[in-house]
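Presented below is the structure to which this report refers.
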Amino acid sequence: MGVGQVGYGPRRFRDIIDSTGGDFNEMLRRAADASADDVISGYAMFYGGEDPKTRARPNATPWTRIAGLGPAFFTKFLYFTTPGALILDNVLARKVHELSGIPFSSVVAASHTTGVPTDMPYTCIGCRRMQGR
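Counting from 1, position 114 in the sequence shown corresponds to residue 114 in the working numbering; the numbering is continuous, with no gaps.
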(Lines of atoms letter the chains of each structure in order from A and count residues from 1; the text may use other names and numbers.)
(Lines give C-alpha, C1' and ligand atoms only; values in the text may rest on other atoms or scores of the structure.)
Protein backbone atom coordinates (compact mmCIF):
# COMPACT_ATOMS: atom_id res chain seq x y z
CA MET A 1 0.00 0.00 0.00
CA GLY A 2 1.58 3.25 -1.10
CA VAL A 3 1.80 6.04 1.41
CA GLY A 4 2.63 8.91 -0.93
CA GLN A 5 3.94 12.31 0.15
CA VAL A 6 1.16 13.07 2.64
CA GLY A 7 1.36 9.88 4.66
CA TYR A 8 -2.28 8.76 4.50
CA GLY A 9 -1.19 5.15 4.05
CA PRO A 10 -0.50 4.23 7.68
CA ARG A 11 -3.82 5.71 8.83
CA ARG A 12 -5.75 4.00 6.05
CA PHE A 13 -4.06 0.71 6.89
CA ARG A 14 -5.00 1.13 10.58
CA ASP A 15 -8.59 1.87 9.55
CA ILE A 16 -8.66 -1.31 7.45
CA ILE A 17 -7.23 -3.39 10.30
CA ASP A 18 -9.67 -1.82 12.79
CA SER A 19 -12.64 -2.49 10.47
CA THR A 20 -12.05 -6.24 10.83
CA GLY A 21 -12.48 -6.15 14.59
CA GLY A 22 -9.10 -7.75 15.13
CA ASP A 23 -9.75 -10.59 12.66
CA PHE A 24 -7.49 -9.35 9.85
CA ASN A 25 -4.92 -12.15 10.09
CA GLU A 26 -7.64 -14.78 10.53
CA MET A 27 -9.50 -13.49 7.46
CA LEU A 28 -6.32 -13.72 5.37
CA ARG A 29 -5.73 -17.25 6.65
CA ARG A 30 -9.28 -18.34 5.78
CA ALA A 31 -8.95 -16.99 2.23
CA ALA A 32 -5.58 -18.70 1.78
CA ASP A 33 -7.04 -21.97 3.14
CA ALA A 34 -9.99 -21.75 0.75
CA SER A 35 -7.70 -21.16 -2.20
CA ALA A 36 -5.52 -24.16 -1.32
CA ASP A 37 -8.21 -26.50 -2.71
CA ASP A 38 -9.56 -24.20 -5.43
CA VAL A 39 -7.89 -20.90 -6.36
CA ILE A 40 -11.20 -19.40 -7.45
CA SER A 41 -12.65 -20.11 -4.01
CA GLY A 42 -9.96 -17.85 -2.56
CA TYR A 43 -10.94 -15.05 -4.94
CA ALA A 44 -14.60 -15.59 -4.02
CA MET A 45 -13.78 -15.46 -0.29
CA PHE A 46 -12.17 -12.02 -0.72
CA TYR A 47 -14.97 -10.82 -3.02
CA GLY A 48 -17.76 -11.87 -0.66
CA GLY A 49 -19.24 -14.61 -2.85
CA GLU A 50 -19.48 -15.24 -6.56
CA ASP A 51 -22.79 -13.55 -7.32
CA PRO A 52 -22.71 -9.73 -7.40
CA LYS A 53 -26.41 -9.65 -6.54
CA THR A 54 -25.84 -11.46 -3.23
CA ARG A 55 -22.31 -10.28 -2.46
CA ALA A 56 -21.64 -10.14 1.28
CA ARG A 57 -20.94 -6.87 2.99
CA PRO A 58 -17.36 -6.37 4.23
CA ASN A 59 -16.36 -8.40 7.30
CA ALA A 60 -19.39 -10.72 7.10
CA THR A 61 -18.56 -14.32 7.93
CA PRO A 62 -17.92 -16.78 6.43
CA TRP A 63 -16.49 -14.51 3.73
CA THR A 64 -13.23 -12.59 4.03
CA ARG A 65 -14.20 -9.44 2.15
CA ILE A 66 -12.31 -6.58 3.81
CA ALA A 67 -13.45 -2.97 3.45
CA GLY A 68 -10.79 -0.93 1.68
CA LEU A 69 -8.98 -3.90 0.09
CA GLY A 70 -9.98 -5.04 -3.37
CA PRO A 71 -8.52 -7.01 -6.27
CA ALA A 72 -5.30 -4.94 -6.33
CA PHE A 73 -4.55 -6.36 -2.88
CA PHE A 74 -6.12 -9.78 -2.85
CA THR A 75 -4.98 -11.03 -6.24
CA LYS A 76 -1.40 -10.25 -5.15
CA PHE A 77 -1.95 -11.88 -1.74
CA LEU A 78 -3.28 -15.06 -3.35
CA TYR A 79 -0.48 -15.04 -5.94
CA PHE A 80 2.13 -15.20 -3.17
CA THR A 81 0.26 -17.69 -0.98
CA THR A 82 -1.35 -20.04 -3.50
CA PRO A 83 0.24 -22.00 -6.35
CA GLY A 84 -1.66 -21.26 -9.55
CA ALA A 85 -3.18 -17.96 -8.41
CA LEU A 86 -2.71 -15.04 -10.78
CA ILE A 87 -2.43 -11.29 -10.38
CA LEU A 88 -5.07 -9.75 -12.60
CA ASP A 89 -3.41 -7.05 -14.68
CA ASN A 90 -4.31 -5.65 -18.12
CA VAL A 91 -2.47 -8.41 -20.00
CA LEU A 92 -4.29 -11.16 -18.14
CA ALA A 93 -7.58 -9.24 -18.31
CA ARG A 94 -7.29 -9.15 -22.12
CA LYS A 95 -6.66 -12.91 -22.22
CA VAL A 96 -9.65 -13.57 -19.93
CA HIS A 97 -11.74 -11.47 -22.31
CA GLU A 98 -10.44 -13.26 -25.42
CA LEU A 99 -10.90 -16.75 -23.99
CA SER A 100 -14.18 -16.25 -22.10
CA GLY A 101 -16.08 -13.63 -24.09
CA ILE A 102 -16.61 -11.49 -20.97
CA PRO A 103 -16.62 -7.79 -21.90
CA PHE A 104 -13.10 -6.41 -21.57
CA SER A 105 -14.32 -3.40 -19.57
CA SER A 106 -15.77 -5.73 -16.91
CA VAL A 107 -12.55 -7.69 -16.65
CA VAL A 108 -10.41 -4.53 -16.48
CA ALA A 109 -12.69 -3.09 -13.80
CA ALA A 110 -11.85 -6.12 -11.65
CA SER A 111 -8.15 -5.39 -11.86
CA HIS A 112 -8.40 -1.72 -10.91
CA THR A 113 -11.44 -1.03 -8.76
CA THR A 114 -13.54 -2.33 -5.94
CA GLY A 115 -17.28 -2.15 -5.64
CA VAL A 116 -17.95 -2.64 -9.35
CA PRO A 117 -20.98 -4.96 -9.42
CA THR A 118 -19.43 -7.32 -11.94
CA ASP A 119 -15.79 -7.21 -10.92
CA MET A 120 -14.45 -10.38 -9.31
CA PRO A 121 -17.33 -12.83 -9.81
CA TYR A 122 -17.39 -11.98 -13.49
CA THR A 123 -13.69 -12.68 -13.66
CA CYS A 124 -14.09 -15.90 -11.65
CA ILE A 125 -16.75 -17.01 -14.12
CA GLY A 126 -14.30 -16.18 -16.92
CA CYS A 127 -11.62 -18.26 -15.22
CA ARG A 128 -14.07 -21.14 -14.85
CA ARG A 129 -14.96 -20.87 -18.55
CA MET A 130 -11.26 -20.96 -19.37
CA GLN A 131 -10.87 -24.05 -17.18
CA GLY A 132 -13.87 -25.74 -18.84
CA ARG A 133 -16.16 -25.56 -15.81
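For glycine and all other residues, C-beta sits at the position ideal for the given N, C-alpha and C.
Ends of the alpha helix (DSSP H) at Val6?
Per DSSP, Val6 belongs to no alpha helix (DSSP H) and is neither H nor E.
When Arg94, Asp38, Pro58 and Arg14 are compared against Tyr79, the one with the closest alpha-carbon:
Measuring from the Cα of Tyr79, the nearest candidate turns out to be Asp38.
Taking C-alpha atoms, which residue in Arg65, Gly84 and Ala34 lies nearest to Gly21?
Answer by Cα proximity: Arg65.
Just the C-alpha distance for Thr54 and Arg14, rounded to the nearest angstrom, thanks.
Taking the Cα positions, Thr54 is about 28 Å away from Arg14.
By how many angstroms is the C-alpha of Val6 removed from the C-alpha of Trp63?
Rounded to whole angstroms, Trp63 and Val6 show a C-alpha spacing of 33 Å.
From this set, Leu28, Asp51 and Pro52, which residue's C-alpha is nearest Gly42's C-alpha?
Cα-wise, what sits closest to Gly42 is Leu28.
Would a C-beta distance cut-off of 7 Å place Ser19 and Ala85 closer than the cut-off?
No.
Apply the 10 Å Cβ neighbour rule to Tyr8 and answer buried if 16 or more other Cβ atoms are within range, or exposed otherwise.
Its Cβ having fewer than 16 others within 10 Å, Tyr8 is exposed.
Can you tell me which of the three DSSP states Leu86 falls into?
Coil.
Where Leu92 and Ser100 are concerned, what is the direct C-alpha to C-alpha distance, given to the nearest angstrom?
The C-alpha of Leu92 lies about 12 Å from the C-alpha of Ser100.
Length of the line joining the Cα atoms of Ile40 and Pro10
Their backbone Cα atoms lie some 30 Å apart in a straight line.
Is the Cβ-Cβ distance between Ile87 and Lys76 less than 7 Å?
The Cβ atoms of Ile87 and Lys76 lie closer than 7 Å to each other.
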